[in-house]
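Undergrad: Position one of the sequence shown corresponds to residue 0 (numbering that gives the first Met the number 0), numbered consecutively onward.
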Amino acid sequence: MSRQQRRREYSTDSLERTPSDDLHYQGMLRALEGRKDERDRVQKKTFTKWVNKHLIKHQRAETQRHVNDLYEDLRDGHNLISLLEVLSGETLPRERDVVRSVRLPRERGRMRFHKLQNVQMALDFLRRRQVKLVNIRNDDIADGNPKLTLGLIWTIILHFQVSCSISDIQVNGQSDDMSAKEKLLLWSQRMADGYSGVRCDNFTTSWRDGKLFNAVIHKHEPRFIDMGKVYRQTNLENLEQAFSVAERELGVTRLLDPEDVDVPHPDEKSIITYVSSLYDAMPRVPDVQDGVKANELELHWQEYYELVTVLLQWIRHQAHIFEEKKFPSSYEEIEILWRQFLKFKETKLPAKQSDKSRSTHLYQSFESAVHAGQVKVPPGYHPTDVEKEWGRLQVSILERERLLRIELERLERLQQIVSKVQTESGMCEEQINQTESLLQTDIRLLSAGKPAQHTAEVERDLDKADGMIRLLFNDVQLLKDGRHLQAEQMYRRVYRLHERLVNLRSDYNLRLKPSVSTASHVSITQISQKSVQRARPELDEVTLRYAQDLLSWVEENQRRIDTAEWGIDLPSVESQLGSHRGLHQTIEDFRAKIERARTDESQLSPASKGTYRDYLGKLDLQYNRLLNSSKSRLRNLDQLYNFVSAATKELMWLNDKEEEEVNYDWSERNTNMTAKKENYSGLMRELEFREKKINDIQATGDRLIKDGHPGKKTVEEFSAALQTKWSWILQVCCCIETHLRENTAYFQFFADVRDAEQRMKKMQETMKKKYTCDRSTTATRLEDLLQDAVEEREQLNEFKSDIAGLTNRAKSIVQLKPRDPTSPSRGKLPVQAVCDFKQMEITMHKGDECTLINNSQPFRWKVLNRSGNEAVVPSICFLVPPVNKEAVESVSSLDAGQQQTQALWQKLHADLRSLLSWQYLMKDIHLIRSWNITTLKTMKSDEYQLMLRNLQMHYQDFLRDSRDSRLF
0 MSRQQRRREY
10 STDSLERTPS
20 DDLHYQGMLR
30 ALEGRKDERD
40 RVQKKTFTKW
50 VNKHLIKHQR
60 AETQRHVNDL
70 YEDLRDGHNL
80 ISLLEVLSGE
90 TLPRERDVVR
100 SVRLPRERGR
110 MRFHKLQNVQ
120 MALDFLRRRQ
130 VKLVNIRNDD
140 IADGNPKLTL
150 GLIWTIILHF
160 QVSCSISDIQ
170 VNGQSDDMSA
180 KEKLLLWSQR
190 MADGYSGVRC
200 DNFTTSWRDG
210 KLFNAVIHKH
220 EPRFIDMGKV
230 YRQTNLENLE
240 QAFSVAEREL
250 GVTRLLDPED
260 VDVPHPDEKS
270 IITYVSSLYD
280 AMPRVPDVQD
290 GVKANELELH
300 WQEYYELVTV
310 LLQWIRHQAH
320 IFEEKKFPSS
330 YEEIEILWRQ
340 FLKFKETKLP
350 AKQSDKSRST
360 HLYQSFESAV
370 HAGQVKVPPG
380 YHPTDVEKEW
390 GRLQVSILER
400 ERLLRIELER
410 LERLQQIVSK
420 VQTESGMCEE
430 QINQTESLLQ
440 TDIRLLSAGK
450 PAQHTAEVER
460 DLDKADGMIR
470 LLFNDVQLLK
480 DGRHLQAEQM
490 YRRVYRLHER
500 LVNLRSDYNL
510 RLKPSVSTAS
520 HVSITQISQK
530 SVQRARPELD
540 EVTLRYAQDL
550 LSWVEENQRR
560 IDTAEWGIDL
570 PSVESQLGSH
580 RGLHQTIEDF
590 RAKIERARTD
600 ESQLSPASKG
610 TYRDYLGKLD
620 LQYNRLLNSS
630 KSRLRNLDQL
640 YNFVSAATKE
650 LMWLNDKEEE
660 EVNYDWSERN
670 TNMTAKKENY
680 SGLMRELEFR
690 EKKINDIQAT
700 GDRLIKDGHP
710 GKKTVEEFSA
720 ALQTKWSWIL
730 QVCCCIETHL
740 RENTAYFQFF
750 ADVRDAEQRM
760 KKMQETMKKK
770 YTCDRSTTAT
780 RLEDLLQDAV
790 EEREQLNEFK
800 SDIAGLTNRA
810 KSIVQLKPRD
820 PTSPSRGKLP
830 VQAVCDFKQM
840 EITMHKGDEC
850 TLINNSQPFR
860 WKVLNRSGNE
870 AVVPSICFLV
880 PPVNKEAVES
890 VSSLDAGQQQ
900 TQALWQKLHA
910 DLRSLLSWQY
920 LMKDIHLIRS
930 WNITTLKTMK
940 SDEYQLMLRN
950 LQMHYQDFLR
960 DSRDSRLF
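1) Could you check if V521 is buried or exposed, using at least 16 other CB atoms within 10 Å of its CB as the buried criterion?
2) Among the residues of its own chain, which have a CB less than 6 Å from the CB of D963, if the five just before and after it don't count?
3) Express the C-alpha separation of N144 and P263 in angstroms, rounding to a whole number.
4) Do you know whose CA, among E248, I270, V244, S87, lies nearest L255's CA?
5) So if DSSP puts C199 in a beta bridge, which residue, or which two residues, is it bridged to?
6) Out of curiosity, what's the CA-to-CA distance linking E791 and A895?
7) Could you check which residue in S631, R612, A606, H113 has the C-alpha nearest to that of L582?
8) Please state the DSSP three-state secondary structure of C772.
9) Does the Cβ-Cβ distance between L407 and I333 come in under 8 Å?
10) With distance defined between alpha-carbon atoms, name the residue in S604, Y611, S607, T585 nearest to A596.
11) Grab me the residues of H844's own chain with a C-beta within less than 6 Å of its C-beta, minus the 5 sequence neighbours each way, in chain order.
12) Kindly say whether T440, judged by its beta-carbon, lies nearer than 8 Å to any beta-carbon of chain D.
13) Nearest by alpha-carbon distance to F212: which of A179, P257, M177 is it?
14) How big is the Cα-Cα spacing for R136 and Q119?
15) Taking the alpha helix (DSSP H) that C427 belongs to, which residues open and close that run?
16) Just mark F957 as buried or exposed, buried being the case when its beta carbon has 16 or more other beta carbons within 10 Å.
17) Just the C-alpha distance for E331 and S418, rounded to the nearest angstrom, thanks.
18) Let me know the secondary structure DSSP gives G290 once reduced to three states.
19) Given 8 Å as the limit, is there contact between the segment 699 to 716 and the segment 802 to 822, that is, 3 or more CB pairs closer than that?
20) Considering just the uninterrupted stretch of the beta strand (DSSP E) at V879, what are its terminal residues?
21) Looking at C-alpha atoms only, which residue of A674, W665, L795 is the closest neighbour of R126?
22) Just grab the DSSP bridge partners of C849 for me.
23) Kindly identify the DSSP beta-bridge partner or partners of V862.
24) In the structure shown, what three-state DSSP assignment does T148 receive?
25) By DSSP, does Q317 sit in helix, in strand, or in coil?
26) For L966, report the span of its alpha helix (DSSP H) as first-last.
27) Buried or exposed, going by whether 16 or more other CB atoms sit within 10 Å of the CB of H219?
28) Can you tell me where the alpha helix (DSSP H) with G616 in it begins and where it stops?
29) Determine the direct distance from the alpha carbon of Q763 to that of L893, and round the result to whole angstroms.
30) Could you say which of E267, D561, L277 lies nearest to R247 if we only look at CA atoms?
31) Identify every residue that forms a DSSP beta bridge with Q814.
32) Relative to the C-alpha of N854, which residue among I841, S866, V871 is closest?
33) Could you check which residue in Q232, F242, S205 has the C-alpha nearest to that of F223?
34) Quick check on F343: does DSSP put it in helix, strand or coil?
35) Do you know whose CA, among K712, D36, E71, L83, lies nearest I55's CA?
36) One question on the structure: do R576 and L500 come within less than 8 Å of each other, judged by their Cβ atoms?
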């Protein structure tokens, strides 16, 4: 091909061309396309081998995973997820235990939806690890898009293979701001030092002849490679030797084939992947000045090892202690435990924190020797392992503190109840003593034939003491429920007071209280008239009155049970249950009085026994009814309490979650959507767990209603509240999903815009630096630059397509500024409901358009619906739809910059063409000037004419190409 033909390949569509130029240009584009296809073929083969190299390590797969066709076998996402499980376990030590014990979730179905879900899980997994994925979506991989599939695998290789491995490289001459690629290139150059004819200038042509691969292996282990033989062999033989030795001796997977490397333009990404694998197998040997001296190294390592051994033992011992969840039962013992815990936090923990920091500094003193292989750190002794154990200790400390606080507060409350029972039972005992003294005084007056003086006061004091004892029984039940050590002691104390009160009331009813009714008087009078002949008429009257008092007590408590309330909430239900437990105990103990009344029958005269038996029969009947009613109420109260308690617990949890989610900041100030996604995943798992519990509670409520529970109204209210709250939290979840999707798109869009701006800026700087030439630049260099410029134009076209994609995305970006209270809305702003919402003032459905009137409260917006109703509604229920002016303007600015970049390329390309034309012209001129008379005499006419035509043609080309150039 002539120089003229080579030169004409570099004309572009944007410049004026002749028809022959178009043909040459089209041919050149086809050649570039062929090079691109060849590059993709090599990358596909290399990346496939790299993926399989790691998939074979996936021990937990049901069947061994393997990739045959990279584009097809990643579509369902399973191989992609397995690859990430292996890589994260190998290259992220802090997550290794987690990844190997908990597999990434995956969909098992075969539908497209399941494939998209699996791929999305993998992409989310990468984004959580701050891996940038530009314009790669789940449907691209699921559809087998070759370009984006290669792009995704290269991104994974860069993060897990290149960046993570190469970040530890320490080479003399490196700077802090060097990229991983630059560090790897510098390492390769250091490995090639001292080998004649071997240079490492790039990751493409420098490796073509295979000498550099062999030199790197020889530098690591000279016995593996005969360098004399390397200098005599062909390129393919050298490459084959290097790949075979690396695989056999170093365990480096054969990612490349010789015929793929021995080409004019070897694929850079494939070679970087392979060289980084070589680095993993042969970390550098540090220079003497990089490390500490041998004796210092040994001392530092020994000190580090002993310090970490003691520290890890202490951490694990303390963590084991703090994981114990059984606590002493007494308040005094738990208080001692709490003081010991505070002392531990104030004294022991800071000391061990210092030891941990010292171990980190010690490790840093010999870290380079670890990378060089001079020091082998046993498993579990790396600073990251110590940090992991320390993190677990911190978690156990926080949990221990939480549990201790709860237990201390619980026992403190119970101790307060004990003190209260002791104080009030003492007061009640004094009350009973005083009442007993008054009662005995009146009984003595009656015995002396005098009227009683304290009847009303005694009855009032008895009622007062009865109320005090009922409250004491409630407190005692709380102590029993809390398993307090003094609960039984307090119960016996209160029960003794209760016994005294019952005996006092019996004495009062039998010996002091006047007759209960006129009917009773008539009955007793008749009995008295019929029994005129009996020996002790007073005894019959007292005994009959005692039976009547017992019957009155039973009837009174029956009325009390029949009319008792059931409670409307947990405190009131709990109060009713506690109160009735005390009453039920009294009712059960009342049987002893009935038995005593039976024994009194023998003391009656024969004339009174018939009537007395009638009283006893009625008493038995009424008492059995009372006892059954009491048992039934106690059973119903237990059922109601259990239901209300469980429902209240779930309602409180739902309220807490509602408040947490409704008050979440969805404005542009909160950019951490990854953390929110993880939080939302946790919420969904918790909701799934809670759903079963709530369904069980609802089923219990339905069963109570169906069985006709007396507290049906309370059950219905709690069931309805639970159903309403559960439905609302599900609506909130719909809102979260929408905001997660829209906010993620928002932040990703602006991140992509920033990346595009940086990319554009870098492209402009690179073009100016690379393509700025003058007349001293050689024609060969100019030809190479023109070829690179054509490839650069392909990148510019790709960049233009990316901007077009951003332009389309900008139209769907929501507005987040109205969620910032520092940016009050001006005028009425349209908003869109993302869930159903109903309250007294307003009703709206998902998709309804409303108007934002006031956003001064970030989490409560005042809105107006289509019906004209105003209300304050949680802002989570709305999104502010596009168009986002900021997004549109940012893309417009980017588009303008892209046009400037395109213009810059056109200008630099014109300069290159003009300089190349000038070089061709000057070469012709220099050649003609070199002629002499002898040359002209010997020159054939055809050669002379051809030379003149070339001169004329090059001159015309120069005039045309320099027309748009600033250099001529």
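All C-beta atoms, glycine included, are put in the ideal place defined by N, C-alpha and C.
TA: Once the coordinates are examined:
1) Reliability fails at V521, whose pLDDT of 37 lies under 50, so the model's placement of it is uncertain and the value that follows must be treated cautiously. Residue burial annotation: V521 is exposed, with fewer than 16 other C-beta atoms found within 10 angstroms of its C-beta.
2) So the list reads A909, once near-sequence residues are dropped.
3) Pairing P263 with N144, the inter-Cα distance amounts to about 27 Å.
4) Looking at the Cα atoms, I270 is the closest of the given residues.
5) Answer is none; C199 lacks a bridge partner.
6) The alpha-carbon atoms of E791 and A895 are separated by roughly 19 Å.
7) Per the Cα distances, S631.
8) If DSSP states are grouped into helix, strand and coil, C772 belongs with coil.
9) Yes. Within cutoff.
10) Closest option to A596, Cα to Cα, is Y611.
11) Cβ within range, chain order: D835.
12) Of the chains in the structure shown, none is chain D; there is only one protein chain.
13) When each option's Cα is compared against that of F212, the closest is P257.
14) Linking R136 to Q119 through their CA atoms gives a straight-line distance of about 8 Å.
15) 382 to 446 is the extent of the alpha helix (DSSP H) around C427.
16) For F957, the number of other beta carbons within 10 angstroms of its own is at least 16, and it is reported as buried.
17) Note on geometry: alpha-carbon atoms of E331 and S418 lie some 14 Å from one another.
18) Model confidence at G290 stands at a pLDDT of 37, short of 50, so the residue's coordinates are unreliable and nothing is read from them.
19) In this structure the segment 699 to 716 does not touch the segment 802 to 822; the number of beta carbon pairs closer than 8 Å is below three.
20) First-last for V879: undefined, no H or E at that position.
21) Ranking A674, W665, L795 by Cα distance to R126 puts A674 first.
22) V830, per the DSSP bridge assignment.
23) In the DSSP output, where bridge partners are listed per residue, V862 has L851, A870.
24) It is helical.
25) Assignment of Q317 by DSSP, reduced to helix, strand and coil, places it in the helix class.
26) Boundaries for L966: no alpha helix (DSSP H) harbours it, and the DSSP string shows neither H nor E there.
27) So H219 ends up on the buried side.
28) Looking at the DSSP string, the run of the alpha helix (DSSP H) that includes G616 is 605 to 661.
29) In this model, L893 and Q763 are separated by some 13 Å (Cα to Cα).
30) Among E267, D561, L277, the Cα nearest to that of R247 belongs to L277.
31) DSSP output for Q814 lists V879 as bridge partner(s).
32) When only C-alpha atoms are compared, the closest one is V871.
33) With respect to the C-alpha of F223, the residue from Q232, F242, S205 having the closest C-alpha is F242.
34) The answer is helix: DSSP assigns F343 an H, G or I state.
35) Residue L83 is the option with its Cα nearest to I55.
36) In the sequence as presented, Arg is not what sits at residue 576; that position holds Leu. No, they are not a contact pair.
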